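Student: Let me give you the structure first, and then I'll get to my questions.
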Amino acid sequence: MEASVSEVLTLKPPWQDVPLAGGPLPEIALPSNCPGCGVGLDREELAAHVYVCDCGHHFQLRADSWIALLADGDTWSERWSDVRPHDLLDWKMPKPYHLTIEQAREEGLNEAVRTGTALLGGRPVWLGVFDFRFVGGTLSIVAGERLARGLEGAASDRLPYILVAASGGARMQEGVLALMQMAKANGAVGRLHAAGLPYFCILTDPTYGGTAASLALLGDVNIAEPEAKIGFTGPRVIKQATYADLPPDFQTADFQLKHGQVDMVVPRVEIRPLLAHLVDLYT
Amino acid sequence: MRERQPGTLSVWQVVELARHAERPYALDYIRRMAPDFVEYHGDRLGADDQALVGGVGTWNGRTTMFLGQQKGRNFPERVRRNFGMMHPEGYRKAMRLARQAAKFGFPIICLVDTPGAYPGAGAEERGIAAAIAAAIMEWFWIPVPVITAIIGEGGSGRCARAGGGGPGPDAGELDLLGRHARGGGVDRVARQLTQGGGRRAIADHLP
Numbered sequence: 001m002e003a004s005v006s007e008v009l010t011l012k013p014p015w016q017d018v019p020l021a022g023g024p025l026p027e028i029a030l031p032s033n034c035p036g037c038g039v040g041l042d043r044e045e046l047a048a049h050v051y052v053c054d055c056g057h058h059f060q061l062r063a064d065s066w067i068a069l070l071a072d073g074d075t076w077s078e079r080w081s082d083v084r085p086h087d088l089l090d091w092k093m094p095k096p097y098h099l100t101i102e103q104a105r106e107e108g109l110n111e112a113v114r115t116g117t118a119l120l121g122g123r124p125v126w127l128g129v130f131d132f133r134f135v136g137g138t139l140s141i142v143a144g145e146r147l148a149r150g151l152e153g154a155a156s157d158r159l160p161y162i163l164v165a166a167s168g169g170a171r172m173q174e175g176v177l178a179l180m181q182m183a184k185a186n187g188a189v190g191r192l193h194a195a196g197l198p199y200f201c202i203l204t205d206p207t208y209g210g211t212a213a214s215l216a217l218l219g220d221v222n223i224a225e226p227e228a229k230i231g232f233t234g235p236r237v238i239k240q241a242t243y244a245d246l247p248p249d250f251q252t253a254d255f256q257l258k259h260g261q262v263d264m265v266v267p268r269v270e271i272r273p274l275l276a277h278l279v280d281l282y283t
Numbered sequence: 001m002r003e004r005q006p007g008t009l010s011v012w013q014v015v016e017l018a019r020h021a022e023r024p025y026a027l028d029y030i031r032r033m034a035p036d037f038v039e040y041h042g043d044r045l046g047a048d049d050q051a052l053v054g055g056v057g058t059w060n061g062r063t064t065m066f067l068g069q070q071k072g073r074n075f076p077e078r079v080r081r082n083f084g085m086m087h088p089e090g091y092r093k094a095m096r097l098a099r100q101a102a103k104f105g106f107p108i109i110c111l112v113d114t115p116g117a118y119p120g121a122g123a124e125e126r127g128i129a130a131a132i133a134a135a136i137m138e139w140f141w142i143p144v145p146v147i148t149a150i151i152g153e154g155g156s157g158r159c160a161r162a163g164g165g166g167p168g169p170d171a172g173e174l175d176l177l178g179r180h181a182r183g184g185g186v187d188r189v190a191r192q193l194t195q196g197g198g199r200r201a202i203a204d205h206l207p
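So, in structure tokens, the structure goes:
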């Protein structure tokens with residue numbers, strides 16, 4: 001009896017034939033040594049291993065990395081990349097917002113969220129991906145608009161929507177107009193749920209504030225990356241406001257698993273095969 | 001005791017068998033029925049009750065939602081899983097997954113194996129009575145087929161109905177089934193269940 005139990009558990013799950021990445025990931029800026037284990041990094045090896053060190057440290061990926069990781073080859077078809085941010089409130093702090101936007105645009109970034117359609121292991125899906133480099137991956141008017149349109153697109157195409165979150169929250173420089181995006185995005189998530197379509201959220205480091213409090217934690221399945229920090233208020237602000245002693249694992253992926261907010265903590269190398277399997281199960 | 005014929009065991013021997021530490025537990029069944037099982041965690045409200053396991057997998061060619069109480073093979077695991085006794089979070093997790101199954105039209109298989117809801121102060125503080133009540137009511141409105149199998153203990157009717165997610169109106173019979181059924185009793189009670197609730201119950205035939 002016991003032997004056959006372990007036999008079942010060591011069976012290789014059939015969906016693991018799906019490769020861990022859909023194509024080569026673009027090169028990202030890396031320190032010379034891994035912050036997790038201190039060992040010197042081999043760029044090529046790390047890129048082939050989707051930027052996960054042997055010690056388990058997950059390097060933060062950009063939007064284009066996640067698109068390359070999840071989408072098959074050149075199947076990514078981006079939508080609404082021409083929706084542009086504007087400094088509607090004439091914001092000056094900590095520096096003029098229009099300069100922040102221009103600088104990010106010069107670095108080749110196109111807002112904090114990119115959305116579009118792709119094939120994932122041959123399965124058509126909608127993707128929405130946050131880019132933390134664009135003003136901390138903050139939820140802005142443009143981000144909210146792209147997310148809402150993408151979610152509605154998934155509802156009308158009857159396809160699953162996969163969100164990859166990496167965000168500091170709502171964009172301060174757009175004030176209440178950014179906060180409004182929480183409602184707009186969630187309205188669209190509601191439509192997707194009402195249409196009976198699956199919504200999978202991948203929570204990467206960090207997922208905070210208005211993003212966590214709107215669409216990022218509403219998935220049918222919430223999948224967190226190991227060691228990702230997920231929460232609403234960051235630990236620094238909590239300490240300032242309440243002088244509380246926080247546990248060392250506060251707001252980590254495992255903490256949120258224990259507290260019922262995420263369904264599972266999955267290493268990056270297993271996320272794509274798992275998503276392919278979930279898409280099969282739910283469609 | 002294993003060789004004894006059904007009908008020759010005393011009631012207490014049946015109870016001991018139902019609680020036997022080497023019985024297959026919910027995850028043993030689930031992983032055999034659906035080797036591609038993906039386990040989910042958490043009630044999305046504040047905790048993950050490990051006494052209640054749940055998730056999706058392919059069974060008979062269909063995506064199926066599995067729910068079940070899990071007792072644990074060794075002492076640390078038994079403590080972690082609270083000996084299969086659910087806290088309010090377990091009921092809320094079960095209902096979250098049942099609602100998800102309803103959204104996607106997945107049938108639900110419930111594997112009941114519990115001494116009962118957790119009789120502790122913490123469970124009271126977090127509203128176990130209301131959690132059970134809400135679960136019982138909500139099961140009437142889950143518009144997908146629900147199959148309940150008692151695979152060990154189905155103690156304290158409330159767990160049989162709400163936790164593993166048995167059909168509400170049949171809870172009394174489920175309780176009876178778990179505790180005392182043997183031999184012809186199983187068939188009789190299963191028949192009652194089928195007629196009474198319009199839903200199927202598969203009884204694990206006690207040895």
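Chains as they are written, first to last, in this note's numbering: chain E, 1 to 283; chain D, 1 to 207. Beta carbons are placed, not taken as given, at the ideal position from N, Cα and C, and that holds for glycine. Given the structure is predicted, the values throughout are model-derived calculations rather than measurements.
#1: Taking 7 Å as the CB-CB cut-off, is Gly46 of chain D touching chain E?
#2: Name the chain D residues that come within less than 8 Å of Lys258 of chain E, Cβ to Cβ?
#3: Could you give the distance in angstroms between the alpha-carbon of Ala224 of chain E and the alpha-carbon of Leu257 of chain E?
#4: Taking Leu70 of chain E as part of the alpha helix (DSSP H), name the residues at either end of that continuous run.
#5: Under 8 Å, CB to CB, which of the residues in the stretch 48 to 71 of chain D have a partner in chain E?
#6: For the 8 Å Cβ check, are there 3 or more pairs between the stretch 265 to 273 of chain E and the stretch 44 to 52 of chain E?
#7: Can Lys103 of chain D and Gly175 of chain E be called in contact, C-beta distance under 7 Å?
#8: Between the Cα of Lys229 of chain E and the Cα atoms of E:Asp254, E:Gly210, E:Gly108, which residue gives the shortest distance?
#9: Who are the Cβ neighbours of Ala194 of chain E in its own chain at under 6 Å, not counting the five residues just before and after it?
#10: Just to confirm my understanding: we take Ala143 of chain E, look at its own chain, exclude 5 residues before and 5 after, and list those with CB closer than 7 Å. What are they?
#11: If we define contact as Cβ-Cβ less than 7 Å, is Gly121 of chain E a contact residue for chain D?
#12: For the stretch 70 to 86 of chain D, list every residue whose C-beta sits within 8 Å of some C-beta in chain E, in sequence order.
#13: When DSSP builds the beta bridges, which residues end up paired with Met264 of chain E?
#14: Quick one, are the C-beta atoms of Ala26 of chain D and Val53 of chain D less than 7 Å apart?
#15: Could one say the Cβ of Asp43 of chain D lies closer than 7 Å to chain E's Cβ atoms, at least one of them?
#16: According to DSSP, is Leu281 of chain E part of a helix, a strand, or is it coil?
#17: Run through DSSP, which three-state label would Gly155 of chain D get?
#18: Would you list, in sequence order, the uninterrupted alpha helix (DSSP H) runs of no fewer than 4 residues that lie entirely inside the stretch 30 to 59 of chain D?
#19: With 16 as the cutoff for other CB atoms within 10 Å, does Gly120 of chain D come out buried or exposed?
#20: Looking only at its own chain, which residues have a Cβ that is under 8 Å from the Cβ of Asp36 of chain D, when we skip the five neighbours before and after it?
#21: Smallest Cα separation from Glu22 of chain D: which of D:Glu89, D:Arg73, D:Arg32, D:Ile150?
#22: Pull out every residue of the stretch 189 to 201 of chain E whose Cβ sits closer than 8 Å to any Cβ of chain B, in chain order.
#23: Measuring only the C-alpha atoms, how far is Asp220 of chain E from Leu275 of chain E?
#24: Indicate whether at least one CB of chain E lies closer than 7 Å to the CB of Tyr40 of chain D.
#25: Using the beta-carbon of each residue, which ones in chain E are nearer than 9 Å to Gln100 of chain D?
#26: Would you please verify whether the beta carbon of Asp54 of chain E is less than 7 Å from any beta carbon of chain D?
#27: Could one say the Cβ of Leu203 of chain E lies closer than 7 Å to chain D's Cβ atoms, at least one of them?
#28: For Gln70 of chain D, name the three-state secondary structure that DSSP assigns.
#29: Locate the beta strand (DSSP E) running through Phe200 of chain E, then write down its first and last residues.
#30: Determine the extent of the beta strand (DSSP E) in which Trp139 of chain D is found, giving its start and end residues.
#31: Can you list the residues of chain D that Asp263 of chain E reaches, using a CB-CB cut of under 7 Å?
#32: In this structure, does DSSP put Trp76 of chain E in helix, strand or coil?
#33: By how many angstroms is the C-alpha of Asp74 of chain E removed from the C-alpha of Glu45 of chain E?
#34: Using a Cβ-Cβ cut-off of 7 Å (strictly less than) and excluding sequence neighbours within five positions of Pro143 of chain D, which residues of its own chain qualify?
#35: For the stretch 112 to 168 of chain E, list the alpha helix (DSSP H) runs that are entirely contained and at least 4 residues long, ordered along the chain.
#36: Which chain D residues are close to Leu278 of chain E, counting only those with a beta carbon under 9 Å from its beta carbon?
Tutor: On the basis of the supplied data:
#1: yes
#2: Ala47, Asp48
#3: 9 Å
#4: 63 to 70
#5: Asp48, Val56, Gly57, Thr58, Thr63
#6: yes
#7: no
#8: E:Asp254
#9: none
#10: Glu111, Ala112, Val113, Gln181
#11: no
#12: none
#13: E:Ile223
#14: yes
#15: yes
#16: helix
#17: coil
#18: none
#19: exposed
#20: Gly57, Thr58
#21: D:Arg73
#22: Any reference to chain B falls outside this structure, whose protein chains are E and D.
#23: 12 Å
#24: yes
#25: Asp220, Val221
#26: no
#27: no
#28: coil
#29: 199 to 207
#30: Per DSSP, Trp139 of chain D belongs to no beta strand (DSSP E); it is in the alpha helix (DSSP H), 128 to 139.
#31: Tyr40, His41, Gly42
#32: coil
#33: 22 Å
#34: Ala102
#35: 141 to 157
#36: Val38, Val56
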